[in-house]
Structures are given as structure tokens and as C-alpha cells.
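Written out below as C-alpha cells is the structure these notes cover.
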Amino acid sequence: MEQDRPDDLTGAQVKELLAELTTLTGDTAHARPVLELLIGEILTRTSVEPAGQDLYLSVTGLLPPCDALLPPHAVMPAELDEQERRGFELLWHADEGRYIVVRKIALRNLSDERSVMDEILNTADLAQRCQARIASE
3 MEQDRPDDLT GAQVKELLAE LTTLTGDTAH ARPVLELLIG EILTRTSVEP
53 AGQDLYLSVT GLLPPCDALL PPHAVMPAEL DEQERRGFEL LWHADEGRYI
103 VVRKIALRNL SDERSVMDEI LNTADLAQRC QARIASE
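Everything in the sequence shown is counted per the working numbering, starting at 3 for the first residue and increasing by one.
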């Protein structure tokens with residue numbers, strides 16, 4: 003990975019980073035790389051997706067499966083401020099019996115490779131806080 007990249011990342015640069023990291027994990031990088039990382043109990047999946055004319059870093063955090071067949075009552079964590087609540091979706095994945103946190107971050111808001119990794123870690127942290135809140139209900 004290059005140390006001196008420009009202050010704004012292009013979609014091709016982020017895809018290259020994800021492909022490189024995917025290869026380091028032992029997986030095969032595809033034309034549209036998806037990086038999977040297990041952070042604690044949260045499985046994250048990261049890719050670059052188009053939305054209109056913009057490109058987004060799409061980061062999904064899969065919470066551990068629930069024991070119930072139907073989703074437990076989902077409550078947004080109280081410790082999240084209003085701005086943070088708008089930055090993600092908490093969805094129920096019926097096929098897998100688990101909640102997922104989905105975040106889409108515009109690439110124009112990411113300045114370097116570290117900011118990409120930070121967003122993956124931020125998503126895992128957010129998913130862990132959601133998991134703790136749901137478990138306490």
C-alpha cells in the first residue's frame with residue numbers, strides 16, 4: 003500500500019485497496035471486491051457501490067444470529083446521537099436470523115486508506131453497541 007496517496011480517494015483506488023486486503027485474508031479478489039473481516043463477534047463486509055452519480059463505501063456489520071425465529075424488538079441504542087442514528091440502518095435479515103447494520107459513506111468524505119479502515123471499525127463498533135442494546139431488551 004502506498005503511503006503518499008492524494009487527499010481524495012477514487013473508486014478505483016478503494017477497490018484496489020479492498021482487493022489487496024481481500025487477497026491478504028486468503029480470499030480471492032473479484033472484479034468487485036468484497037472485504038470480509040471478523041471484528042469481535044461482528045462480521046463486516048465492505049465494497050464500493052454506485053448510487054446515482056456518486057460512489058459509496060458500503061459497510062455491513064452482521065450481528066450474531068438471534069435464537070428467536072422472529073426478530074426481537076429492535077431499539078436504536080439510546081447512547082447514539084441523532085446524527086449518528088441517521089448514518090445507518092438496522093435491518094432484520096430473516097434468512098440468517100440476525101440483525102445487520104448497513105452504512106453507506108460517500109467516497110468524497112474519505113481522504114485516505116486509513117479513513118476506509120476507520121469506517122469499517124466504526125461500523126463494527128456501532129453493530130456491537132446495537133447488539134448490546136438489543137440484548138438488554
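The beta-carbon is built from N, C-alpha and C at its ideal position, and this holds for glycine as well.
All values reported here derive from a predicted model rather than from experimental measurement.
Excluding the 5 residues flanking residue 58 on each side, which residues of the same chain have their C-beta closer than 8 Å to its C-beta?
50, 51, 52, 106, 107, 108 and 109
For residue 49, which beta-bridge partners are listed by DSSP?
60
Could you spell out where the alpha helix (DSSP H) holding residue 118 opens and where it closes?
115-138
Please determine if the region 36-44 and the region 125-138 are in contact, where contact requires at least 3 C-beta pairs separated by less than 8 Å.
yes
Which stretch, first to last residue, makes up the beta strand (DSSP E) that contains residue 21?
Not the beta strand (DSSP E): residue 21 falls in the alpha helix (DSSP H), residues 13-26.
Do residue 39 and residue 102 have their C-beta atoms closer together than 8 Å?
no
Residue environment, residue 129, which counts as buried when at least 16 other CB atoms sit within 10 Å
buried
Neighbour-count burial assignment, residue 21, 16 or more Cβ in a 10 Å radius
buried
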